[in-house]
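Residue numbers (our numbering): 112 to 628.
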């Protein structure tokens with residue numbers, strides 16, 4: 112009876128193949144090829160622009176007016192604008208001293224700067240030590256304010272918004288923001304504030320991130336490759352062409368007047384920084400990116416923390432696109448070309464198409480064509496375009512070129528979560544506003560395990576398994592076996608290797624591990 116049922120199922124499948132499955136798969140291949148071409152054109156365009164920038168040395172100090180702020184005998188310190196430095200944090204046991212110390216170490220006249228620590232911690236012990244640290248710096252003559260609030264509404268956006276309501280903020284002209292693991296160099300304000308002082312149409316000056324733990328493990332090296340491309344190419348191109356890019360949420364200085372004109376901080380999505388940047392840009396404000404100004408920070412080194420971060424970074428932009436696309440279309444203050452750039456290049460291609468095509472095409476549709484040989488993917492779509500995109504992505508981190516294959520496999524694994532998060536954001540599904548603060552370890556790993564300690568977790572099996580990765584891994588492995596036995600295009604080599612990558616992620620053998628005690 113079972114054999115008969117299997118035979119009937121196979122017969123039904125064969126009968127549905129020609130009229131239904133083949134046309135549907137051909138359509139999906141066509142859609143994926145179109146998205147691949149979109150992404151390819153975008154990457155090549157940015158590559159050409161960045162070559163132009165480097166060849167002609169289009170540095171911000173040449174394009175915008177920049178003069179060092181000088182001491183004035185008559186005016187004294189009042190020649191310097193008042194600057195607010197906000198340091199939002201949430202249960203940052205491992206890094207609070209580093210971040211507060213770096214903020215208090217900024218070079219600027221002491222009577223022209225206010226350090227504001229916005230502590231949303233829920234752990235009373237951590238709140239106490241953070242407050243004591245602020246008191247310690249205050250005793251040294253630093254103008255530092257320790258601010259807490261009763262309810263953590265709006266997460267980081269809510270904390271920043273609440274921080275701007277204090278009466279002493281009214282005397283400030285600019286606000287610098289640093290997340291809890293960021294450590295700016297002392298001359299940070301001297302290098303950024305002059306752009307805002309001497310150019311009245313600039314709203315934001317953004318610095319680059321420098322990763323202090325990029326060599327922590329293979330996963331942090333992969334992150335460095337992805338983020339270096341973002342900073343080396345995407346931010347640079349946006350700054351040089353349209354004076355627009357997404358604020359990174361930290362290591363930047365805002366003109367408070369521009370921030371207020373744009374409507375201030377909003378917590379409607381999990382990317383409050385990008386939300387503010389888009390709204391400010393639609394009001395005609397311009398942004399400057401400084402690639403040579405680097406601020407040290409920490410990459411998430413545990414797989415759990417990285418997955419949560421990528422969910423937020425993928426879901427938030429898609430949700431913001433849904434909420435703002437018509438507002439951008441109707442806007443009258445910016446040119447049609449800039450609106451096209453924001454809608455098509457910044458949002459649609461980079462924040463939606465890039466995630467979806469990576470997973471759907473290379474981990475679902477391409478393997479499916481192995482099972483349906485009537486559908487063929489042209490070699491330019493299966494090999495040439497993804498290879499070119501990969502090489503263009505690799506230019507940001509030349510030191511990691513030898514890890515390119517590992518980066519491809521890891522990015523394909525992470526594209527599963529990014530695609531899921533993108534659809535959640537587009538359709539405002541269940542986890543659309545989920546905000547999990549990215550875990551920062553600081554020196555915890557060295558203190559608890561020692562420099563030569565083993566990296567991999569010793570947890571119960573149930574705590575390590577990730578079922579989505581395992582399911583995709585089994586699917587790719589099955590397609591690889593089928594291609595090896597019956598196929599003619601040699602996809603099985605890629606399918607087997609990629610399935611192993613999904614299996615490794617599926618059993619939690621990725622990143623570092625810090626024991627609870």
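Beta carbons are placed, not taken as given, at the ideal position from N, Cα and C, and that holds for glycine.
Treat the numbers as computed from the prediction; the structure is a model and nothing was measured.
Report the three-state DSSP secondary structure of residue i (helix, strand or coil).
i           : result
residue 200 : strand
residue 564 : Because residue 564 carries a pLDDT of 45, less than 50, the predicted location of this residue cannot be relied on, and the following value inherits that uncertainty. It is coil, neither helix nor strand.
residue 187 : strand
residue 594 : helix
residue 218 : coil
residue 229 : strand
residue 511 : helix
residue 314 : strand
residue 169 : coil
residue 546 : coil
residue 611 : helix
residue 162 : helix
residue 195 : strand
residue 89  : Past the boundaries of the shown model lies residue 89; the chain is included only from 112 to 628, so the question cannot be answered.
residue 272 : helix
residue 180 : coil
residue 324 : coil
residue 262 : coil
residue 238 : helix
residue 252 : coil
residue 491 : helix
Keeping to the same chain, check which residues put their C-beta closer than 6 Å to that of residue i; ignore five residues upstream and five downstream.
i           : result
residue 545 : none
residue 342 : 319
residue 357 : 385, 388
Going along the chain, which residues of its own chain have a beta-carbon closer than 8 Å to the beta-carbon of residue i, five neighbours each way excluded?
i           : result
residue 449 : 353, 355, 392
residue 253 : 215, 221, 226
residue 512 : 505
residue 537 : 429, 430, 432, 433, 463
residue 460 : 149, 150, 153
residue 136 : 476, 479, 480, 483, 486
Applying the 10 Å Cβ sphere with the 16-neighbour rule, what's the burial state of residue i?
i           : result
residue 168 : exposed
residue 390 : buried
residue 587 : buried
residue 291 : buried
residue 178 : exposed
residue 300 : buried
residue 409 : buried
residue 578 : exposed
residue 277 : exposed
residue 269 : buried
residue 599 : exposed
Determine whether the Cβ of residue i lies closer than 7 Å to any Cβ atom of chain C.
i           : result
residue 339 : Among the chains in the structure shown there is no chain C, since it carries only a single protein chain.
Cβ of residue i versus every heavy atom of the ligand ADP: is any distance shorter than 6 Å?
i           : result
residue 408 : Absence of the ligand ADP is noted for the structure shown, with no ligands found whatsoever.
For residue i, write down the residues that DSSP places opposite it in a beta bridge.
i           : result
residue 413 : 622
residue 319 : 405
residue 398 : 315
residue 257 : 228
Excluding the 5 residues flanking residue i on each side, which residues of the same chain have their C-beta closer than 7 Å to its C-beta?
i           : result
residue 316 : 303, 306, 307, 363, 364, 399, 401
residue 456 : 153
residue 108 : Lying before the first or after the last residue shown, residue 108 is absent from the chain, which here runs from 112 to 628.
residue 183 : 190
residue 204 : 237
residue 132 : 483
residue 565 : Model confidence at residue 565 stands at a pLDDT of 46, short of 50, so the residue's coordinates are unreliable and nothing is read from them.
residue 347 : 161, 164, 400, 402
Which runs of the alpha helix (DSSP H) at least 4 residues long sit entirely within the segment 331-386? Give them in chain order.
347-352, 367-372
Quick one: complete beta strand (DSSP E) runs, 3+ long, within the segment 276-305?
285-288
Ignoring anything shorter than 4 residues or poking outside the segment 414-470, list the alpha helix (DSSP H) runs there in chain order.
414-441, 447-451
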